[in-house]
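Report on the structure given below.
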Amino acid sequence: MGDYSKALEFYEKSHKIYEKALPSNHPDLATIISKIGQVYNNMGDYSKALEFYEKSHKIYEKALPSNHPHLATSYGNIGQVHNNMGDYSKALEFYEKSHKIFEKALPSNHPDLAISYSNIGGVYSHMGDYSKALEFYEKSHKIFEKALPSNHPDLATIISKIGQVYNNMGDYSKALEFYKKSHKIREKALPSNHPNLATSYGNIGQVYNNMGDYSKALEFCEKPHKIFEKALPSNHPDLAISYSNIGGVYSRMNDYSKALEFYEKSHKIFEKALPSNHPDLATIISKIGQVYNNMGDYSKALEFYEKSHKIYEKALPSNHPDLATIIS
Numbered sequence: 328m329g330d331y332s333k334a335l336e337f338y339e340k341s342h343k344i345y346e347k348a349l350p351s352n353h354p355d356l357a358t359i360i361s362k363i364g365q366v367y368n369n370m371g372d373y374s375k376a377l378e379f380y381e382k383s384h385k386i387y388e389k390a391l392p393s394n395h396p397h398l399a400t401s402y403g404n405i406g407q408v409h410n411n412m413g414d415y416s417k418a419l420e421f422y423e424k425s426h427k428i429f430e431k432a433l434p435s436n437h438p439d440l441a442i443s444y445s446n447i448g449g450v451y452s453h454m455g456d457y458s459k460a461l462e463f464y465e466k467s468h469k470i471f472e473k474a475l476p477s478n479h480p481d482l483a484t485i486i487s488k489i490g491q492v493y494n495n496m497g498d499y500s501k502a503l504e505f506y507k508k509s510h511k512i513r514e515k516a517l518p519s520n521h522p523n524l525a526t527s528y529g530n531i532g533q534v535y536n537n538m539g540d541y542s543k544a545l546e547f548c549e550k551p552h553k554i555f556e557k558a559l560p561s562n563h564p565d566l567a568i569s570y571s572n573i574g575g576v577y578s579r580m581n582d583y584s585k586a587l588e589f590y591e592k593s594h595k596i597f598e599k600a601l602p603s604n605h606p607d608l609a610t611i612i613s614k615i616g617q618v619y620n621n622m623g624d625y626s627k628a629l630e631f632y633e634k635s636h637k638i639y640e641k642a643l644p645s646n647h648p649d650l651a652t653i654i655s
């Protein structure tokens, strides 16, 4: 958290100087505003992030030609916030605008094009279209393999995303293979307290949980939690995901009071940090319902399942696997 507040402090000082020294439509002004948006996005404050990204984008639209890579990056930033907020159709719209510019402006092996493929793949993954997600992730992976050194964090990220799709598809051995590959790169490339390394531990823990190896799962889910607690603000969505992962292991181990304790911590953060129709909010509510169901408290279970279902109906396409799961 200290890093984010420091970053904001310096970016805002820079912003004040630029506002006085530059014309209101200068690209450098747009860039510093965008960087402030990026910090808010990293902090999980998505409404603030969107506000600054849109402000920045308006300047870029006036100042730059319509095929300029900075404009493409700007579309991508806005798409990323919509993706984080669970508005996947909006996210796809902005990511595709960004991608069209990159395709015309950049060589076919450029890392920014790989990031663009990855962004689009991420939306399809969230929408439950896993074959589409894999298609875009693999395009991204091919570019990164050629363009980046073998220990680059961006290479680890795309490998991890492929692992995530296999995990969602229930192919746990494939998921574990990709997650471990990604983790090795991150261990070499990142400091031991980096949030991305924490995410990597959590991903491996999640697969072990799905495979029924609960002691391994707990070990890998608790490692990232310690990192997140030190590195992130207390209301950050990634911290909520970490609580949920630990709760999930306790639920599988039939320790329902522990599971509820961690799920409720997760739920509190998501309620504050996410829009009321976000799929991640529906997921944690559904998990709480599942614990009550396992405990034999069926009226409580139904209450949470119905709450979750209402959010999913608004947030997800009608053929999404998560919607089918909650109905059954």
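Mapped onto my numbering, the consecutive letters of the sequence shown carry residue numbers 328 to 655. The beta carbon of each residue, even a glycine, is placed where N, CA and C say it ideally should be.
| Asked | Found |
| --- | --- |
| Enclosing alpha helix (DSSP H) for glycine 364 [first to last residue] | 354-369 |
| Straight-line Cα distance separating proline 434 from glutamate 598 | 43 Å |
| Local Cβ density within 10 Å of aspartate 565, reported as buried at 16 or more and exposed below that | buried |
| Opening and closing residue of the alpha helix (DSSP H) in which glycine 539 lies | Here glycine 539 belongs to no alpha helix (DSSP H), and DSSP marks it neither H nor E. |
| CB contact flag (serine 487, serine 509, <8 Å) | yes |
| Entirely enclosed beta strand (DSSP E) segments - the stretch 565-591, minimum 3 residues | none |
| Beta-carbon contacts of valine 576 that lie in its chain and below 7 Å, excluding the five residues immediately before and after | Asn536, Tyr541, Ala544, Leu545 and Cys548 |
| Buried or exposed by the 16-neighbour rule on C-beta atoms within 10 Å, applied to leucine 629 | exposed |
| Neighbourhood of phenylalanine 379 by C-beta distance below 6 Å, restricted to the same chain and skipping five residues each side | Ile360, Ile363 and Gly364 |
| Three-state secondary structure assigned by DSSP to serine 561 | coil |
| Same chain, Cβ closer than 6 Å to alanine 357, neighbours up to 5 away in sequence not counted | Ser383, Ile386 and Tyr387 |
| Residues near histidine 453 by beta carbon distance below 6 Å, same chain, minus five either side | Tyr415 |
| Whole-angstrom C-beta distance between tyrosine 590 and leucine 621, which should lie under 8 Å | Checking the sequence, you will find asparagine at residue 621 rather than leucine. Not confirmed; about 12 Å, so no contact. |
| Stretch pair the stretch 551-569 + the stretch 518-532: three plus CB contacts closer than 8 Å | yes |
| Outcome for proline 551 when other beta-carbon atoms lying within 10 angstroms are tallied against a minimum of 16 | buried |
| Residues near histidine 594 by beta carbon distance below 6 Å, same chain, minus five either side | Ile611 |
| Cβ-Cβ distance between lysine 507 and isoleucine 531 below 8 Å | yes |
| Contact under 8 Å by Cβ, tyrosine 373 with asparagine 411 | yes |
| Any 3 or more C-beta pairs closer than 8 Å across the stretch 453-463 and the stretch 421-430 | no |
| CB-CB length for glycine 371 against histidine 563, believed under 8 Å | 4 Å |
| Status (buried if at least 16 other CB within 10 Å, exposed otherwise) for asparagine 520 | exposed |
| Proximity below 8 Å, CB of asparagine 394 to CB of isoleucine 428 | yes |
| Span separating the alpha-carbon of asparagine 495 from that of alanine 502 | 9 Å |
| Residues near proline 438 in its chain [Cβ-Cβ closer than 8 Å; skip 5 each side] | Ile470, Phe471, Ala474, Leu475 and Asp481 |
| Length of the line joining the Cα atoms of glycine 406 and serine 613 | 27 Å |
| Of the residues Lys347, Pro602, Leu517 and Leu608, the one placed nearest alanine 567, counting alpha carbons only | Leu608 |
| Per-residue burial, glycine 329 [other beta carbons within 10 Å of its own, 16 or more giving buried] | Summary for glycine 329: the model assigns pLDDT 49, below 50, so the residue's position carries little reliability; its value from the coordinates is reported in the next sentence. By the neighbour-count rule (16 or more Cβ atoms within 10 Å), glycine 329 is not buried but exposed. |
| Outcome for proline 644 when other beta-carbon atoms lying within 10 angstroms are tallied against a minimum of 16 | exposed |
| Segments assigned alpha helix (DSSP H), at least 4 residues, entirely inside the stretch 370-402 | 373-390 |
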